[in-house]
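Going by the working numbering, the sequence shown wraps up at 604, each residue one higher than the last.
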Amino acid sequence: MTNRRQFLRKSALLGAASLTADYLLANDKVAEHHGPKPGSECIYDGKIYQNIKFQTFNSSNDILNNAIRIFNRELHTRTGLDFSTGKGNPLTIELRAVPQSMPLEAFRIEHLEADRISIKASDDKGLLFGLGKLLHTSLLTTAGFTPGTWQGLSVPEKPFRMIYFATHFYNFYHEAPIDQVIKYIEDLAFWGYNGIAVWFDMHHYNGIRDAEAQLMIDRLALLLQAGKSVGMKTMLTMLANEGYASSPLNLRAKAPKQVNLRGKYGVEICPSQPGGAELILKQVDQELDEFIKRGVAVDYLSLWPYDQGGCGCDQCTPWGSNGFLKMTNRITKQAQKKIPGLKTIQSTWLFDIAVDEGEWAGLAKAYNREKPVVSYIMADSHETFPKYLMNNPVPGNLPLLNFPEISMWNSWPWGGFGANPLPQRFQDLWSPIKDQVAGGYLYSEGLFEDLNKVLYSRFYWDSQEPVGVALREYVAFNFSIDHADRIIEAIHIMEKNHGLNMVNNELVKNAPTRFTVPENDFGAKRAYQLLSDIDLDLPRNVKTSWRWRILMLRAMFDVEFRLSKGVENPKIIAGFKELGQIYSSKKANIHVRPPLI
Numbered sequence: 008m009t010n011r012r013q014f015l016r017k018s019a020l021l022g023a024a025s026l027t028a029d030y031l032l033a034n035d036k037v038a039e040h041h042g043p044k045p046g047s048e049c050i051y052d053g054k055i056y057q058n059i060k061f062q063t064f065n066s067s068n069d070i071l072n073n074a075i076r077i078f079n080r081e082l083h084t085r086t087g088l089d090f091s092t093g094k095g096n097p098l099t100i101e102l103r104a105v106p107q108s109m110p111l112e113a114f115r116i117e118h119l120e121a122d123r124i125s126i127k128a129s130d131d132k133g134l135l136f137g138l139g140k141l142l143h144t145s146l147l148t149t150a151g152f153t154p155g156t157w158q159g160l161s162v163p164e165k166p167f168r169m170i171y172f173a174t175h176f177y178n179f180y181h182e183a184p185i186d187q188v189i190k191y192i193e194d195l196a197f198w199g200y201n202g203i204a205v206w207f208d209m210h211h212y213n214g215i216r217d218a219e220a221q222l223m224i225d226r227l228a229l230l231l232q233a234g235k236s237v238g239m240k241t242m243l244t245m246l247a248n249e250g251y252a253s254s255p256l257n258l259r260a261k262a263p264k265q266v267n268l269r270g271k272y273g274v275e276i277c278p279s280q281p282g283g284a285e286l287i288l289k290q291v292d293q294e295l296d297e298f299i300k301r302g303v304a305v306d307y308l309s310l311w312p313y314d315q316g317g318c319g320c321d322q323c324t325p326w327g328s329n330g331f332l333k334m335t336n337r338i339t340k341q342a343q344k345k346i347p348g349l350k351t352i353q354s355t356w357l358f359d360i361a362v363d364e365g366e367w368a369g370l371a372k373a374y375n376r377e378k379p380v381v382s383y384i385m386a387d388s389h390e391t392f393p394k395y396l397m398n399n400p401v402p403g404n405l406p407l408l409n410f411p412e413i414s415m416w417n418s419w420p421w422g423g424f425g426a427n428p429l430p431q432r433f434q435d436l437w438s439p440i441k442d443q444v445a446g447g448y449l450y451s452e453g454l455f456e457d458l459n460k461v462l463y464s465r466f467y468w469d470s471q472e473p474v475g476v477a478l479r480e481y482v483a484f485n486f487s488i489d490h491a492d493r494i495i496e497a498i499h500i501m502e503k504n505h506g507l508n509m510v511n512n513e514l515v516k517n518a519p520t521r522f523t524v525p526e527n528d529f530g531a532k533r534a535y536q537l538l539s540d541i542d543l544d545l546p547r548n549v550k551t552s553w554r555w556r557i558l559m560l561r562a563m564f565d566v567e568f569r570l571s572k573g574v575e576n577p578k579i580i581a582g583f584k585e586l587g588q589i590y591s592s593k594k595a596n597i598h599v600r601p602p603l604i
């Protein structure tokens with residue numbers, strides 16, 4: 008989706024649950040189950056355990072077994088201890104599934120008599136999320152595991168909590184060892200995500216049988232299977248008129264209106280040309296077959312109008328309420344014959360983006376005439392939520408999803424300067440829409456927005472919870488409870504100083520690389536000094552973890568680029584090289600690669 012990236016780069020240099028038929032019932036009732044939770048997020052009971060036993064009741068399947076495996080893995084990774092053979096009285100964790108005892112995916116944690124904690128849920132996904140909550144609110148050190156005191160009932164408010172991995176440009180998701188990406192999917196499941204989405208980008212290939220296309224489908228299928236193994240729903244995103252690099256010249260689409268904002272690769276297909284719609288449907292059918300052959304019959308399709316899709320011919324415009332709508336209906340009906348129960352999400356990305364072409368109004372009119380075949384509307388934008396939906400009902404009165412962009416805003420290359428924590432920005436974007444949406448799916452380019460993913464996972468779980476609660480839990484779990492206040496102070500400074508950018512004329516060979524630094528400085532030296540002092544006190548496994556290193560490197564870049572007035576120096580170059588190793592950036596495109604490596 009190159010044009011979104013071009014837009015954001017320009018602005019920078021110048022900004023599911025188990026979604027069954029009863030999800031509405033669960034959503035309507037959520038208020039009576041959801042509310043103030045007993046216990047504090049990051050308070051510990053003082054007793055340290057080196058021995059943990061699990062007891063399971065009424066459930067023993069792959070999801071629960073994987074949840075226990077992930078919990079044990081994190082214990083070992085973060086403490087260096089083997090809790091299955093540890094000394095002393097064991098902590099027993101009871102995992103009990105009681106169907107229909109509470110809303111789906113909810114959980115209840117209770118501290119019973121000494122050395123015993125109970126997690127109950129209606130389903131295994133609830134038990135997994137409960138283990139995640141117990142893990143994230145507990146203390147893990149080289150001495151062992153100290154349970155947090157948090158207990159009570161926790162119910163996810165938004166049923167749709169998905170993340171989209173952009174697997175392109177040889178970024179982390181595209182190129183890193185597959186076991187690392189799978190582990191990361193499991194980490195995100197423990198934070199409450201219940202769906203994973205990927206896109207098979209046709210324009211890179213000459214057809215479905217292209218050897219490179221087959222390799223990509225292999226990788227994408229593995230990611231979706233990993234998500235399924237921890238209870239996630241799966242989704243494929245695609246353009247409604249997507250084309251391969253070899254698409255027939257006579258069937259190619261005319262550039263969409265406002266193409267400078269919406270983009271094109273020039274291989275998209277016009278569905279109004281004789282044979283065009285049929286070719287699109289054939290390609291979608293083939294793609295679904297390839298994933299089914301690999302054991303993945305997806306739960307959702309997300310059909311996109313632009314970035315880089317669309318057609319600007321007279322027969323297709325206005326695309327959003329004409330050609331796109333027709334193809335959305337046809338693709339959905341065909342896909343549902345192949346995969347019964349599949350649901351479609353209709354993206355409205357870049358509808359009426361700068362000039363009102365009547366796309367929103369036309370879609371609403373069409374859905375007033377005829378019941379939509381799609382199940383959800385997705386809406387979002389580069390900067391703020393679409394104004395149409397702030398003033399009008401959702402077309403067809405469909406459930407609404409958002410699409411948070413957590414990766415690219417106001418900095419390029421994406422992730423090139425380490426972590427990009429933006430808690431206040433996301434709180435400001437979330438607050439006006441939190442009561443309108445049934446959840447959403449995030450746009451992710453890699454590891455560097457790890458904190459941002461956790462913040463949105465908590466927005467979806469509890470829309471009223473202030474962002475600072477999730478921020479503190481993330482910091483206490485991943486870094487240090489003792490130093491949490493100072494780390495959070497540094498993160499807020501980094502957000503205010505966000506905006507480092509590389510300026511590179513890609514059209515000129517060997518053009519010099521320059522860097523721009525935000526004009527105002529809200530305390531870069533203070534943030535770096537805070538983290539540097541804390542670094543001296545952290546255990547080795549924390550200070551060498553990639554989450555800590557991308558935060559430290561970002562703080563360093565904020566200082567060094569100000570001192571050097573935007574010119575690289577040996578310390579900066581060493582930082583870029585370290586980021587490249589963390590991201591597996593050896594083959595990465597300039598958009599997703601740390602500079603100068």
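Note that beta-carbon positions come from the ideal geometry of N, C-alpha and C, so glycine has one too.
These numbers were taken from a predicted model, which means no experiment stands behind them.
- Judged by DSSP secondary structure, M563 falls within the alpha helix (DSSP H) whose first and last residues are 553-570.
- Cβ-Cβ distances below 6 Å link M169 to A23, G202, A204, Y448 in the same chain, with the five nearest sequence neighbours on each side left out; the list follows chain order.
- E182 is positioned such that its CB atom lies closer than 8 Å to that of S591.
- Nearest to E164 by C-alpha distance, out of K140, L138, A113, W206, is A113.
- For the segment 361-402, the full-length alpha helix (DSSP H) segments reaching 4 residues or more read 366-376, 394-398 along the chain.
- Straight-line measurement puts the Cα of A483 at about 8 Å from the Cα of D489.
- Per DSSP, the continuous alpha helix (DSSP H) segment holding R269 begins and ends at 266-269.
- The alpha-carbon of F61 is positioned some 28 Å away from that of L231.
- Counting every other CB atom within 10 Å of its CB across the protein chains shown gives K578 a total below 16, marking it as exposed.
- By the criterion of a C-beta distance shorter than 6 Å, F358 is surrounded in its chain by G327, E366, W367, once the five residues flanking it on both sides are discounted.
- Per the Cβ contact rule, the segment 207-215 is in contact with the segment 241-258 (3 or more Cβ pairs under 8 Å).
- Contact annotation: the segment 492-501 does not touch the segment 463-471, with fewer than three C-beta pairs closer than 8 Å.
- Looking at the backbone, the Cα of L258 and that of V510 are separated by about 37 Å.
- The closest CA to that of M239, considering only C320, S571, D130, Y374, is found on D130.
- Taking each of L310, Y481, K300 in turn and checking the Cα distance to T355, the smallest one comes out for L310.
- Counting along the chain, K127 sits inside the beta strand (DSSP E) bounded by residues 123-128.
- In this chain, R493 is not harboured by any beta strand (DSSP E); it is covered by the alpha helix (DSSP H) spanning 491-503.
- Annotation: the continuous alpha helix (DSSP H) that includes E81 extends over 69-86.
- With contact defined as three or more Cβ pairs closer than 8 Å, the segment 545-558 and the segment 520-537 are not in contact.
- DSSP, read as helix, strand or coil, puts E117 in strand.
- Counting C-beta pairs with one atom in each stretch, the segment 278-289 and the segment 329-347 have three or more that are closer than 8 Å, which means they touch.
- Rounded to whole angstroms, the Cβ separation of A426 and L558 is 5 Å, and the two are in contact under 8 Å.
- Residue pairing of R479 in beta bridges, as defined by DSSP: absent, with no partner found.
- Sorting F529, A518, L243, R493 by C-alpha distance to the C-alpha of K503 places F529 at the top.
- Taking all protein chains in view, the Cβ of L256 is surrounded by fewer than 16 other Cβ atoms within 10 Å, so the residue is classified as exposed.
- Under the three-state reduction of DSSP output, R547 falls in the helix class.
- For I541, the closest of L349, R493, V566 by C-alpha to C-alpha distance is R493.
- Annotated as proximal: T520 and L603, with beta-carbon spacing under 8 Å.
- In chain order, R521, F522, T523, V524 place their CB closer than 8 Å to the CB of G573, counting only its own chain and leaving out the 5 sequence neighbours on each side.
- A distance below 7 Å between beta-carbons, with the five flanking residues on each side excluded, links I77 to the following residues of its chain, in chain order: E193, F197.
- A373 and I59 have their C-alpha atoms some 58 Å from each other.
- In this structure, T153 places its C-beta atom within 8 Å of the C-beta atom of S145.
- In the pairwise beta carbon analysis, the segment 132-147 is classified as not touching the segment 174-181: fewer than three pairs are separated by under 8 Å.
- Each residue's CA atom was taken as its position, placing G446 and Y272 some 30 Å apart.
- A Cβ-Cβ separation of about 12 Å leaves F583 out of contact with L507 under the 8 Å criterion.
- Put simply, the backbone Cα of V381 is about 53 Å away from that of A150.
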